[in-house]
Amino acid sequence: GMSPARKKKATRKKSARKKAVRKKARKKKAKARGYQPRRPTRAQKMQAARIVSWLDETFPDADCALDHRNAYELLAATILSAQCTDARVNMVTPALFERFPTADSLADADLSELEELVRTTGFFRNKARSLKGLGQALVADHGGEVPRSMAELHALPGVGRKTANVVLGNAFGIDEGVVVDTHVQRISGLLGLTTEKTPEKIERDLMELVPRDHWTVWSHLLILHGRNVCKARRPLCDRCVLADLCPSAAI
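Encoded structure:
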């Protein structure tokens with residue numbers, strides 16, 4: 071028979087193998103579930119609530135920077151805003167919507183005419199194709215109306231989660247998620263609200279921390295804060311209302 075010492079060693083090896091298999095299975099399960107944000111502590115939640123109320127006071131008029139009169143206009147404007155300033159998009163949309171006021175008219179648009187109208191927003195050929203495809207999908211699948219759910223919006227061509235969040239929050243008043251653009255990503259990290267690097271994971275962290283009724287306005291607040299105070303190249307920490315709360319403040 072096996073000596074007691076060898077027996078012990080064999081058992082240890084066996085249990086280590088079992089452990090490794092279990093660990094692998096756990097990892098696989100977690101991957102299938104997607105990113106699970108850590109539950110925030112009460113202190114973190116209070117920190118987030120404080121930040122929200124300070125920013126609310128500082129920017130009482132925080133609102134969507136893209137001009138729009140309805141969900142269709144906001145959806146089209148958001149697609150145009152990729153790699154382009156909101157101000158530039160706002161210069162282009164009046165003529166665009168005068169010519170194509172509905173999804174139906176956009177679906178039948180002449181591509182070269184559409185390209186001319188959106189030319190100054192950059193990547194204009196792609197954007198013209200995207201807009202026409204969007205018009206066609208809205209007509210084919212939704213009777214020419216913009217749907218009111220994340221799943222249906224996300225299924226439209228050229229509409230990612232961020233665009234869907236913009237439309238749900240600002241055109242329909244539905245707080246379904248948090249828009250994470252470069253300002254939101256940078257400043258949420260500086261404030262210590264997330265250590266994640268991808269927009270999806272940052273969004274999940276912020277949804278745990280920021281009060282739901284502020285999910286939509288959060289991005290407007292941080293964008294204003296980023297443009298006016300927390301500038302990427304030279305943050306003006308000495309005049310920032312969040313300096314006392316911010317772990318990155320250079321004071």
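Note that my numbering has the sequence shown beginning at 71, numbered continuously upward.
Where a beta carbon is used, it is the ideal one built from N, C-alpha and C, also for glycine.
*Counting pairs of beta carbons, one from the region 166–175 and one from the region 204–215, are three or more of them closer than 8 Å?*
yes
_HIS284 - containing alpha helix (DSSP H), residue span_ = Along the sequence shown, read from residue 1 onward, the residue named residue 284 stands at position 214. No alpha helix (DSSP H) contains HIS284, which DSSP labels as neither H nor E.
*alpha helix (DSSP H) segment containing ARG87, residue limits*: For this step, residue 87 is matched to residue 17 along the sequence shown. Looking at the DSSP string, the run of the alpha helix (DSSP H) that includes ARG87 is 74–103.
*Of the residues PHE194, GLY214, GLU215 and ILE272, the one placed nearest ARG231, counting alpha carbons only*: As a first step, residue 231 must be located in the sequence shown, where it is residue number 161. Ranking the options by Cα distance to ARG231, first place goes to ILE272.
*Identity of the residue in ARG108, LEU125, LEU226 and GLN255 nearest HIS284 by Cα*: As a position in the sequence shown, residue 284 is number 214, starting the count at 1. Checked all of ARG108, LEU125, LEU226 and GLN255; the closest Cα to HIS284 is LEU125.
_Under the three-state DSSP convention, the category GLN255 falls into_ = As a first step, residue 255 is located in the sequence shown; it is residue number 185 there, counting from the start. Secondary structure of GLN255 (DSSP, three-state): helix.
*Could you work out which residue in PRO281, LEU294 and ALA313 is closest to ALA119 when comparing CA atoms only?*
Your numbering for residue 119 matches position 49 in the sequence shown. Comparing Cα positions, the closest option is PRO281.
_Which of helix, strand or coil DSSP assigns to ASN298_ = Translated into the one-based positions of the sequence shown, residue 298 becomes position 228. DSSP places ASN298 in helix when its eight states are reduced to three.
*Can you tell me which of GLY228, LEU181 and HIS212 puts its alpha carbon nearest to the alpha carbon of SER200?*
Position 130 of the sequence shown, counting from 1, holds the residue named residue 200. Selected option, being the one with the closest Cα: GLY228.
*Out of ASP245, LEU263 and THR190, which has the shortest C-alpha to C-alpha gap to ARG112?*
As a working mapping, residue 112 is identified with position 42 in the sequence shown. Closest by alpha carbon: LEU263.
*Should VAL91 go down as buried or exposed, given a rule of 16 or more other Cβ atoms within 10 Å for buried?*
As a first step, residue 91 is located in the sequence shown; it is residue number 21 there, counting from the start. Result: exposed.
_Status (buried if at least 16 other CB within 10 Å, exposed otherwise) for ASP131_ = Translated into the one-based positions of the sequence shown, residue 131 becomes position 61. When all chains shown are included, ASP131 counts as exposed.
_Just to confirm my understanding: we take CYS307, look at its own chain, exclude 5 residues before and 5 after, and list those with CB closer than 7 Å. What are they?_
Taking the first residue of the sequence shown as 1, we reach residue 307 at position 237. These residues qualify, in order along the chain: ALA313, ALA319, ALA320 and ILE321.
_Simplified DSSP state of HIS224, which is helix, strand or coil_ = In the sequence shown, counting from the first residue as 1, residue 224 sits at position 154. Residue state, collapsed to three classes: helix.
*Nearest-angstrom Cα separation, counted from ASN240 out to GLU186*: If you number the sequence shown from 1, residue 186 lands on position 116. If you number the sequence shown from 1, residue 240 lands on position 170. Taking the straight line joining both Cα atoms gives about 28 Å.
_Distance CB(LEU223)-CB(LEU238) smaller than 8 Å_ = Stepping through the sequence shown from its first residue, residue 223 is reached at position 153. Stepping through the sequence shown from its first residue, residue 238 is reached at position 168. Yes, these two residues count as a Cβ contact at 8 Å.
*With DSSP collapsed to three states, give me the class of GLU168.*
For the purposes of this step, residue 168 is taken as residue 98 along the sequence shown, with counting starting at 1. In the structure shown, GLU168 sits in a helix (DSSP, three-state: H, G or I).
*asked:* Our contact map puts THR191 next to ARG158 with C-beta atoms below 8 Å; I'd like the distance itself, whole angstroms only.
replied: Counted from its first residue, the sequence shown places residue 191 at position 121. Counted from its first residue, the sequence shown places residue 158 at position 88. The pair is a contact, with the Cβ atoms about 6 Å apart (cut-off 8 Å).
_If the criterion is Cβ atoms closer than 8 Å, does the pair SER289 and VAL249 meet it?_
Taking the sequence shown and counting its residues from 1, the one referred to as residue 289 is at position 219. Taking the sequence shown and counting its residues from 1, the one referred to as residue 249 is at position 179. It is a contact, given that the beta carbons lie within the stated cut-off.
*On a CA-only basis, which of PHE167, PRO110 and ASN196 is nearest LEU181? Give me that one, please.*
Along the sequence shown, read from residue 1 onward, the residue named residue 181 stands at position 111. Out of PHE167, PRO110 and ASN196, the CA that lies nearest to the CA of LEU181 is found in ASN196.
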